[in-house]
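Novice: All residue numbers for the sequence shown refer to this note's numbering, where the first residue is 61 and numbers rise by one. Note that beta-carbon positions come from the ideal geometry of N, C-alpha and C, so glycine has one too. The structure under discussion is supplied below as structure tokens; questions concerning it will follow.
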Amino acid sequence: MILPIVAYGHPTLKKVAQDIESSYPGLEKLIEDMWETMYGANGVGLAAPQVNKSIRLFVINATPYAEEYPETNGFKKVFINAHILEEAGEEIEINEGCLSLPGMSEEVSRKPKIVIKYVDENFVPHEETYEGFIARVIQHEYDHIEGVLYVDRITPFRRMLLKGKLRDISEGKVDVEYRMIFPALRRK
Ligand code: NI
């Protein structure tokens, strides 16, 4: 089932999400729905807060980037209760977009290397190190479960320039091919 994606300005996007237990009701179905929702919107990652669930869950399939970044080929994972333990290296700028912010993308600076611990969909624990583009996609999704959006990481000046565009997104004045919930939608 395709779930509506919450747009910029929705309060759930600002919350620090909570760890969950393996007994979390409907978890398997939620993960399945998140894959379907992500693919339906042509995304490479989707975090639970984007479907209005404030829990530490995100899914990534970075394969569409395999031509540009070969390490992404076949990278498909579910991250539950993720916690980044370490970020290292000199910050680099990469262009990021987000399904909650349709029609825009910005250069975002982040460190290139991370160590992350999480459990997978079977609640098997992992501790892994990632670099390059995969690290970037994980950092973006991880931000969502920390209540952070990439536009929180750009300069205040740049954000000021984007103010009108961000307001339009939260009011639903945007062309988008997938179902969304707009927090500031004004009904006529
Ligand atoms: Ni995003």
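Between E153, G163, Y99 and I80, which has its C-alpha nearest F139's C-alpha?
Specialist: I80
Novice: For S169, does the three-state DSSP call read helix, strand or coil?
Specialist: The answer is strand: DSSP assigns S169 an E or B state.
Novice: Here's a check: name, in chain order, each residue in its chain whose Cβ is nearer than 6 angstroms to the Cβ of R213, leaving out the five neighbours to either side.
Specialist: These residues qualify, in order along the chain: V168.
Novice: By the 10 Å Cβ neighbour count, where 16 or more other Cβ atoms means buried, how is V184 classified, buried or exposed?
Specialist: Of the other Cβ atoms in all chains shown, fewer than 16 fall within 10 Å of the Cβ of V184; this residue is therefore exposed.
Novice: Measuring only the C-alpha atoms, how far is E128 from L106?
Specialist: Straight-line spacing of the CA atoms in E128 and L106 works out to 20 angstroms.
Novice: Measure from the alpha carbon of P124 to the alpha carbon of each residue in L245, E206 and F135, then state which is nearest.
Specialist: Of the candidates L245, E206 and F135, the one whose C-alpha sits nearest the C-alpha of P124 is F135.
Novice: Below 6 angstroms CB to CB, which residues in the same chain sit around L63 once its five sequence neighbours on both sides are set aside?
Specialist: D93, T97 and V111
Novice: Report the partner residues of K177 according to the DSSP bridge assignment.
Specialist: H143 and E187
Novice: List the whole-angstrom C-beta distance separating E322 from V175, where the pair is believed to meet the contact cut-off of C-beta under 8 angstroms.
Specialist: Since the first residue shown for the chain is 61 and the last is 248, residue 322 is missing from the structure and cannot be characterised.
Novice: Quick check: the segment 67–79 against the segment 225–234, are at least 3 beta-carbon pairs closer than 8 angstroms?
Specialist: yes
Novice: In whole angstroms, what separates the C-alpha of M61 from that of G100?
Specialist: 10 angstroms
Novice: Relative to the C-alpha of I115, which residue among G224, G86 and S165 is closest?
Specialist: G86
Novice: Please indicate yes or no: does the CB of S230 lie closer than 8 angstroms to some heavy atom of ligand 1?
Specialist: no
Novice: Return the chain-ordered ranges of every alpha helix (DSSP H) run that is complete within the segment 68–144 and spans a minimum of 4 residues.
Specialist: 87–100
Novice: Would you say S160 and L209 are within 9 angstroms of each other, going by their C-beta atoms?
Specialist: yes
Novice: Going by C-alpha to C-alpha distance, which of S83, N102 and V76 sits closest to I65?
Specialist: N102
Novice: Can you find the residues in the same chain that come closer than 7 angstroms, C-beta to C-beta, to V76, ignoring five residues on each side of it along the sequence?
Specialist: Take V76, set aside five residues on each side of it, and the residues of its chain with a beta-carbon closer than 7 angstroms to its own are E206 and G207, in chain order.
Novice: What's the C-alpha gap between V211 and E88?
Specialist: 31 angstroms
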